[in-house]
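When we follow numbering that gives the first Met the number 0, the leftmost residue of the sequence shown carries the number 0, and every step to the right adds one.
All C-beta atoms in this analysis are idealised placements derived from N, C-alpha and C, irrespective of residue type, glycine included.
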Amino acid sequence: MSGPATEDLLVVGAGGFARETAQAVRAAAAADAACGRAPRWRLVGHLDDDPALHGRDVDGVPVLGDCDLVHRLPVTARVVVCAGSPRDYGVRARLVRRLALPESRYATVVHPTAAVSDSSELGPGTVLLAHCVLTAAVRVGAHVAVMPHAVLTHDDTVGDFATLASGVRLGGGVWLGRGAYVGAGALVREYTTVGAWSLTGMGSTVLADVPPGEVWAGSPARKLREAGAPALDELRADELRADRSRAEGKETGHRPETRMGSTAG
Numbered sequence: 000m001s002g003p004a005t006e007d008l009l010v011v012g013a014g015g016f017a018r019e020t021a022q023a024v025r026a027a028a029a030a031d032a033a034c035g036r037a038p039r040w041r042l043v044g045h046l047d048d049d050p051a052l053h054g055r056d057v058d059g060v061p062v063l064g065d066c067d068l069v070h071r072l073p074v075t076a077r078v079v080v081c082a083g084s085p086r087d088y089g090v091r092a093r094l095v096r097r098l099a100l101p102e103s104r105y106a107t108v109v110h111p112t113a114a115v116s117d118s119s120e121l122g123p124g125t126v127l128l129a130h131c132v133l134t135a136a137v138r139v140g141a142h143v144a145v146m147p148h149a150v151l152t153h154d155d156t157v158g159d160f161a162t163l164a165s166g167v168r169l170g171g172g173v174w175l176g177r178g179a180y181v182g183a184g185a186l187v188r189e190y191t192t193v194g195a196w197s198l199t200g201m202g203s204t205v206l207a208d209v210p211p212g213e214v215w216a217g218s219p220a221r222k223l224r225e226a227g228a229p230a231l232d233e234l235r236a237d238e239l240r241a242d243r244s245r246a247e248g249k250e251t252g253h254r255p256e257t258r259m260g261s262t263a264g
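Encoded structure:
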C-alpha cells in the first residue's frame, strides 16, 4: 500500500457527534483500502468525562477514560474534539481551551463521500460528515462540525467552533460567525451574516443578518430571545479578546478586520 503514514486518532467525546465521526473515520479507512492506500487514521478510541462510559465500547470503539487522558497517552496521537448540542454549543470551545493542545495535534476528518473543492480550505479539528458539499472558495475555520448533507456554496466563510446541522444550505458569500449554530434544514440567504454564538432554529429561512448571541427561528427567521448563558459567556470572552486586539492594533497602526463585531475565526 502507498500514501501517507497511518496516524493514531483519539475522538474526544462519546456522544452522537463523536460516534458519527468515528464512523466517518472507519468509512475513510475502507475507502483508502479500496484504493490500495494505507488508512489515514487508526482509530484508537474515545475519551469522555462520563465515568459510566469508561471501559465500555461505543459502536465497537473503546472509551479509554476521561478527556484529560489525552495528556497521558502517546503524544503522537492526533485528536479531534466532537462535543456540542443546541443546549450547549459552547462546550467544544471550552474543551479545546481545557486541553490546551498545540494546533498540530488536531486532525481534520472528512468523510469519503464529502465533496470539497480544491479552492476550499478546512481548519484543524474540523469534521465533515457524509455527503457534505463545499463548492468553491469556501473557508471553514478550526473545530467546525459540518453534519451530513450540508451544502456550503461559493465564498462562504465559517468561523471557528461553528456547527452546521444536517441538511443546512448556505447561499454564496454567507459569513457564519465564530461558534454559531445553524439548525437542521435551515436555509441562509446569500451574502447574509449569521453572528457569533447565535443559534438558528431547525428549518428556518434566514433572509436577514442575525446578530451575535441571539436565537432566531421561523420562515422568515426572526429573533426569539437571547442565546443561553454558555453561548453568551463565549461571546463576551471573544469581545474582550477583540477589544484587546483593537487596542494593540492602535499601538501598532494595524486595524483588525471584523464583521458584526466578531471575526470569522
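Problem - Environment of P255 [buried if 16+ CB atoms lie within 10 Å] - result: Summary for P255: the model assigns pLDDT 43, below 50, so the residue's position carries little reliability; its value from the coordinates is reported in the next sentence. That one is exposed.
Handout entry: Residues bridged to P61 [DSSP beta-bridge criterion]
Key = Assignment of beta-bridge partners to P61 by DSSP yields D56.
Handout entry: Under 8 Å between C-beta atoms of G178 and A92
Key = yes
Handout entry: Spatial distance of A106 from V139 (CA atoms)
Key = 14 Å
Problem - Where the alpha helix (DSSP H) containing G140 begins and where it ends - result: Note, G140: premise wrong, no alpha helix (DSSP H); not H, not E.
Practice task
Could you pull out every residue in the same chain whose Cβ sits closer than 7 Å to the Cβ of T152, ignoring the five residues on either side in sequence?
Solution key: T134, L169, G170 and G171
Exercise for the section: Check the DSSP bridge columns for R41 and list the partner residues they point to. Expected result: D7
Exercise for the section: To the nearest angstrom, report how far apart G212 and A37 are at their CA atoms. Expected result: 44 Å
Practice task
Could you tell me which residues DSSP puts in a beta bridge with T162?
Solution key: A144 and Y180
Practice task
Enumerate in chain order the residues of its own chain whose CB-to-CB distance from R25 is below 6 Å, with the five nearest sequence positions on each side excluded.
Solution key: Sequence-distant Cβ neighbours of R25 in its own chain, meaning closer than 6 Å and more than five residues away, do not exist here.
Handout entry: Close-in-space but distant-in-sequence residues of the same chain around D208 (CB under 8 Å, 5 per side omitted)
Key = T191, T192, V193, G194 and M259
Handout entry: Bridge-paired residues (DSSP) for S84
Key = Here S84 is bridged, per DSSP, to D87.
Exercise for the section: Output yes or no for whether 8 Å exceeds the beta carbon distance between V80 and G12. Expected result: Yes.
Problem - H110, buried or exposed, once every other Cβ within 10 Å from all chains shown has been counted against 16 - result: H110 comes out buried.
Practice task
Within its chain, find whatever has a CB closer than 8 Å to the CB of H142; leave out the 5 residues flanking it on each side and keep chain order.
Solution key: V80, R91, A92, V95, Y105, G122, P123, G124, T125, D159 and F160
Handout entry: 8 Å Cβ cutoff met for V145 and C131
Key = Cβ atoms of V145 and C131: closer than 8 Å.
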